[in-house]
Structures are given as C-alpha cells and as structure tokens.
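Reading through the structure tokens given below for one structure.
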Amino acid sequence: MSLRICILETDVLRPELIGQYQGYGRMFEQLFTRQPIAAEFDVYNVMNGEYPADDQVFDAYLVTGSKADSFGDDPWIETLKAFLLARYQRGDKLLGVCFGHQLLALLLGGKSERASQGWGVGTHRYVMNAKAPWMSPQVEELTLLISHQDQVTRLPENATVIASSDFCPNAAYHIGDQVLCFQGHPEFIHDYSRALLELRQDKLGQEVYRKGIDSLAHEHQGSTVAEWMMRFVAHKPQGTPT
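Taking the numbering used here, the leading residue of the sequence shown gets -7, the next gets one more, and so forth.
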C-alpha cells in the first residue's frame, strides 16, 4: 500500500524557472517516485492559501523550501505554523527541507535566524552525527545541494542532530519518530542549482558565486535523503499498533 504524502509548497519559482521545473512540489514528486517505497502525493501551495480538507488523511506532511524567512511574520507563515502545530500535537509525521527545516525547529522551541556565516550555495558536505533504523542506505558523510542564508541556530530540546558541518552545525535533525528535517535540498539537481546561482550572482558576490559553481562538479546524495524520508514515514517503532 502506498504512503500518502501531503506536500506543503511554500514558494513560487521565479518566472525563468517555472517552465522547466514547475515548482518544489513537482520536484519532490519526481524525486520520491524514484525511491523503493511507493507513495502518492498531493501538493498544496500554502502561500496561496491552499490546504487539505480536514477529513483528508496523510502519512506525513512535508514543508518545502522558500525564499521567505522562516522567522518572518507574514500572515501565510503564521497560518502555516498554526496548521503544523496542530498536526504535531495530534502525532502526525512532519518533514522539513530548508525553510521547512527552519520553520519546524522554530515552531517546536528552537531558533532560526539570518546566519553570520552568510550564503551557503552549491554542493556542501556534512559529517554524520547519528544513526537510526530508517537511515538506509548508510553513509559515512552526506553531500547535498544547498541554497540558504538562514540557519537553525538552536534546536528544540528533544531534537537529535543527524548531520553537521562547521558552516552549518544543525544541518539535519530528527525528533523521535515524528519529525525529520534537512537544511540541504534533496530535490535539487545540478542544473537547477546552477540556474539559481546565475540568477543570484549579483546578490551573492563573485567569490561565493564562483565557489558555488565550482562545487557543482561534485555529486550529491539527494536520492539517499529521499529514501531516508520515505523509510522514516513508513517506520513503525516497536510496540506501535499496525
């Protein structure tokens, strides 16, 4: 039986990118359909006020990346926070990427803010800090495509760090068997990262831009993270009724 995943899309792509990539929801669908665990997806753009009906049942809710600040007070962000808190309190599984990673940390007692380290772009490498049954296949270190200037600077008290680097100490975390989040973008591909870098070249500055472009020569493990996410959603802790 397929998992049912609700993708809460928190951005609209730049006009130059919509034709080829459509949106983050579509990018996640394409990524997850290549994983060994079958899943079905419904995408809702919460920036536009789209949400599932109360009677719809999902195995997990995934919050995508966004150009918005997770610590912002935009009305749509406040609405999303209330929606996610209600799902967390009733025990639903929550997944977060980039903006979603930061928003869930903030919502559950941590802190997200503009990082003193500046922009992180291109391919980034992390050391692994934890292991779990759903982290299959196992890796010694993790490489993901990134694009962010905000970071989680304090995790919720009950969170466990999964991956970290000097640049981004709280790059991935989980809270028990309920919340799993990554700062990096498993759904990105090299061509999309390159297009983003080109569009943001002036904002990034030449040094950050060039390092980001050069880093795209390295492979990334977005597919591995996607498999972890699906295994996390499917995972039933011992003693859990089926």
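Every residue gets a Cβ at the ideal spot worked out from N, C-alpha and C, and that includes glycine. A quick note: this is a predicted structure, and the numbers were derived from the prediction, not measured.
Taken through DSSP and simplified to helix, strand or coil, M127 comes out as coil.
The three-state secondary structure of H227, taken from DSSP, is coil. If you check the CB distance, L72 and L0 come in under 8 Å. In the three-state scheme derived from DSSP, where H, G and I count as helix and E and B as strand, G57 is classed as coil.
With fewer than 16 other Cβ atoms inside 10 Å of its own Cβ, N40 counts as exposed.
Of all alpha-carbon atoms in H93, E211 and Y201, the one lying nearest the alpha-carbon of G112 is that of Y201. Note on geometry: alpha-carbon atoms of Q175 and E105 lie some 13 Å from one another. Q143: member of the beta strand (DSSP E) spanning D142 to R146, first to last residue. The beta carbon of R223 lies closer than 7 Å to those of I29, W126 and S128 in the same chain, with the five residues before and after it left out.
Where E105 is concerned, the enclosing beta strand (DSSP E) starts and stops at K103 to R106. Exposure of D65 is indicated by the presence of fewer than 16 other C-beta atoms within 10 angstroms of its C-beta.
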